[in-house]
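Inspection log for the structure reproduced underneath, given as structure tokens.
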Amino acid sequence: MSQPAFDFDLVVLGGGSGGLAGAFRAAGHGARVALLEPGELGGTCVNVGCVPKKAMWLAAGLAGDVAVAAQLGFDVPDTPALDWPTLVAARQRYIHGIHDSYRRRLDEAGIVLVPSRGQLVDAHTVACEDGNRLRGRHLLLATGSRPRRLDVPGAGLAGVSDDFFAFHAPPGHVALVGGGYIAVELAGVLQALGCRVDVLARGERLLGQSDAELVERLQEDYRQQGIGLHLGRELAAIEGGPGALRLRDHAGEVSGTYAHVILAVGREPNTSGIGLERAGVELDRKGHVVVDAFQRSSVPHIAAVGDVTGRAMLTPVAISAARRAMDRVFGGRDDARLDYDDVPTVVFSHPPLAAVGLTEAQARERHGDAAVHVYRSLFRPMRQALVDRPRHSLFKLVCVGDERRVAGIHLLGEGADEILQGFAVALKRGITLDDLHDTVAIHPTSAEEVVLMR
Ligand SMILES: Cc1cc2nc3c(=O)[nH]c(=O)nc-3n(C[C@H](O)[C@H](O)[C@H](O)COP(=O)(O)OP(=O)(O)OC[C@H]3O[C@@H](n4cnc5c(N)ncnc54)[C@H](O)[C@@H]3O)c2cc1C
Ligand SMILES: NC(=O)c1ccc[n+]([C@@H]2O[C@H](COP(=O)([O-])OP(=O)(O)OC[C@H]3O[C@@H](n4cnc5c(N)ncnc54)[C@H](O)[C@@H]3O)[C@@H](O)[C@H]2O)c1
1 MSQPAFDFDL
11 VVLGGGSGGL
21 AGAFRAAGHG
31 ARVALLEPGE
41 LGGTCVNVGC
51 VPKKAMWLAA
61 GLAGDVAVAA
71 QLGFDVPDTP
81 ALDWPTLVAA
91 RQRYIHGIHD
101 SYRRRLDEAG
111 IVLVPSRGQL
121 VDAHTVACED
131 GNRLRGRHLL
141 LATGSRPRRL
151 DVPGAGLAGV
161 SDDFFAFHAP
171 PGHVALVGGG
181 YIAVELAGVL
191 QALGCRVDVL
201 ARGERLLGQS
211 DAELVERLQE
221 DYRQQGIGLH
231 LGRELAAIEG
241 GPGALRLRDH
251 AGEVSGTYAH
261 VILAVGREPN
271 TSGIGLERAG
281 VELDRKGHVV
291 VDAFQRSSVP
301 HIAAVGDVTG
311 RAMLTPVAIS
321 AARRAMDRVF
331 GGRDDARLDY
341 DDVPTVVFSH
351 PPLAAVGLTE
361 AQARERHGDA
371 AVHVYRSLFR
381 PMRQALVDRP
391 RHSLFKLVCV
401 GDERRVAGIH
411 LLGEGADEIL
421 QGFAVALKRG
431 ITLDDLHDTV
441 AIHPTSAEEV
451 VLMR
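Residue numbers (full-length UniProt numbering): 1 to 454.
Shown next as structure tokens:
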């Protein structure tokens, strides 16, 4: 398979979601693989993303459960205390287990792990920090992304999502700047774990890409939980000193003094200073690697996957794209490529918001008002009703055409994160509203609302 001029069939830059998946798949096809990773294996997702975030989200959910349990007669103290360090220790133990498992699997697959940052010297050669050079017949760029910082006075006083995961004690009153996934998720977690939270977002609503109706309800829910939402306000400056920070927008001061300010205003690709220009790899104006439908960069034997390409920045997307790219390069599957349509996602808010396909607004724009049919179910899950809480779930189907093809599924409420996956398969297979109605419901669940909507 390999030519003698090359040390490896594949050299991978980045041991995160995409890089690891690509390395394992290529090795599975018999390729000789080297993987460079200067940090912890698992990249953003495992170390400062999905995994620690989900651990904190689960703990935040438990705080709600404890309150429900007390109302149902369990003998729970009035203010159950959380020992933050115990939670963080359990979280990190779990993450170390993932590191160990990756190391073992890399060994078993015969992949050479190089604990170094890589830099391209030319289109086939990667230099390691110790000066060693590796020649690869193919290269895979999977260097991911990092939190974006804002260019406003005092921005250096703020942290980013990475800093949230470094808190070893409850952080007190926190301001989150941004209205996307990270701001919404961290706000929900912190509030549920007993901190005070304000969100400052420049958009008039949170989660600009999600269905507006669900977002409106989530915002209402967040306000009821006590989260301060300051929408339509663009950060102009951060003032004060450590532990006592204030925010200013163009209209004046935003009320509140914060122990921490966390910027969650998007991410930037890790493409600078790694020699891509020497190899002739084209970048877009935001610095992402430009790839075609097969993840090929402008240099055909250099592929790129995951956040570094700026397309649907999600772990399963990075993994799926990498596996398919390696199936194409080393597995003889010339047509292998990821379909980026109808990727399901979950915002791990409290409650979670799960979505696949078109929002109502997108469907109306694409298909015209007359072709779009929307079905909704607004209901109180039994757990909420049992303790007479006002929390409702809102599930919504967006269908198009006379046959009512399901083009979008949007679920806000308890269990939405676990309910959506199976329905995403169905949507991808082109089901109609009748297909849902032909399916017998599972009772009593929240999920049954999806097949009962009329
Ligand atoms: C707070 C947060 C929560 C998230 N939650 C979710 C979630 O719930 N679900 C979800 O699907 N996605 C989530 N994401 C997104 C997800 O983490 C990313 O989309 C995913 O990690 C991207 O994988 P990647 O392989 O492209 O990059 P990464 O996982 O970032 O890996 C890139 C790796 O490349 C290494 N690297 C960088 N430069 C070099 C170099 N020159 N040489 C060698 N190595 C290099 C880095 O050290 C890093 O380990 C979240 C992200 C954040 C920040
Ligand atoms: N559950 C998940 O799957 C999950 C969770 C977290 C992150 N992620 C991924 O990570 C990515 C990054 O998350 P994120 O929340 O940082 O980004 P995001 O793209 O979701 O949201 C960025 C937010 O920052 C705002 N913003 C951008 N520039 C700004 C500026 N100059 N001033 C003020 N606000 C500004 C935007 O309006 C938007 O509200 C997400 O897009 C997502 O792909 C996924």
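Glycine is no exception: its CB is placed at the ideal position from the N, C-alpha and C atoms.
Range of the contiguous alpha helix (DSSP H) that encloses residue i
i      : result
Arg93  : 84-109
Asp435 : 433-437
Val451 : 448-452
Gly136 : Where Gly136 is concerned, there is no enclosing alpha helix (DSSP H), although the beta strand (DSSP E) it sits in stretches over 133-141.
Ser161 : 161-164
Start-to-end residues for the beta strand (DSSP E) that takes in residue i
i      : result
His250 : Where His250 is concerned, there is no enclosing beta strand (DSSP E), given that its DSSP letter is neither H nor E.
Val291 : Note, Val291: premise wrong, no beta strand (DSSP E); not H, not E.
Val406 : 405-412
Val261 : 260-263
Thr125 : 125-127
Val48  : Unbroken run through Val48 is the alpha helix (DSSP H), 43-48; no beta strand (DSSP E).
Glu277 : Unbroken run through Glu277 is the alpha helix (DSSP H), 276-279; no beta strand (DSSP E).
Ile302 : 302-304
Val112 : 112-114
Glu268 : 267-269
Pro80  : Here Pro80 belongs to no beta strand (DSSP E), and DSSP marks it neither H nor E.
Proximity below 8 Å, CB of residue i to CB of residue j
i      : j      : result
Ala175 : Asp198 : yes
Leu141 : Leu13  : yes
Glu449 : Asp211 : no
Glu234 : Arg202 : yes
Pro344 : Ala407 : no
Arg91  : Pro52  : yes
Leu138 : Asp9   : Reading off the sequence, residue 138 comes out as His, not Leu. Cβ distance < 8 Å, so His138 and Asp9 count as in contact.
Asp335 : Arg25  : no
His350 : Ala60  : yes
Ala312 : Gly172 : no
Leu397 : Leu433 : yes
Ile409 : Val356 : yes
Pro170 : Trp84  : yes
Leu200 : Leu247 : yes
Val281 : Val299 : yes
Val88  : His168 : yes
Pro269 : Gly310 : yes
Val347 : Glu185 : yes
Pro147 : Pro38  : no
Gly422 : Pro381 : no
Phe294 : Ala322 : no
As assigned by DSSP and simplified to three states, the class of residue i
i      : result
Asp221 : helix
Gln3   : Summary for Gln3: the model assigns pLDDT 47, below 50, so the residue's position carries little reliability; its value from the coordinates is reported in the next sentence. If DSSP states are grouped into helix, strand and coil, Gln3 belongs with coil.
Arg323 : helix
Ala441 : coil
Thr257 : strand
Ala169 : coil
Ala237 : strand
Phe8   : strand
Gln119 : strand
Gly422 : helix
Leu283 : strand
Pro147 : strand
| query | Are three or more beta carbon pairs between the stretch 411-425 and the stretch 239-252 nearer than 8 Å? | reply | no
| Uninterrupted beta strand (DSSP E) stretches inside the stretch 325-399 (no shorter than 3 residues) | 345-347, 353-357, 372-379
| Are at least three pairs of beta-carbons, each pair with one atom in the stretch 156-166 and one in the stretch 270-277, less than 8 Å apart? | no
| request: Could you tell me whether the stretch 171-186 touches the stretch 33-48, where touching means 3 or more Cβ pairs closer than 8 Å? | output: no
| field | the stretch 304-312 contacting the stretch 5-25, beta-carbon criterion three pairs below 8 Å | value | yes
| said: When you compare the stretch 399-413 with the stretch 359-373, are there three or more beta-carbon pairs, one atom per stretch, that lie closer than 8 Å? | reply: yes
| query | Are the stretch 30-41 and the stretch 105-117 touching, with three or more C-beta to C-beta distances below 8 Å? | reply | yes
| said: Pairs of beta-carbons, one from the stretch 216-224 and one from the stretch 125-139, closer than 8 Å: are there three or more? | reply: no
| message | Threshold first: 4 residues or longer. Then list the alpha helix (DSSP H) segments lying entirely within the stretch 14-67, N to C. | response | 17-28, 43-48
| task | Scan the stretch 173-234 and note each continuous alpha helix (DSSP H) run of 4 residues or more that stays entirely inside, going in chain order. | result | 181-192, 212-225
| task | Determine contact between the stretch 374-391 and the stretch 67-75, defined as no fewer than three beta-carbon pairs at a distance below 8 Å. | result | yes
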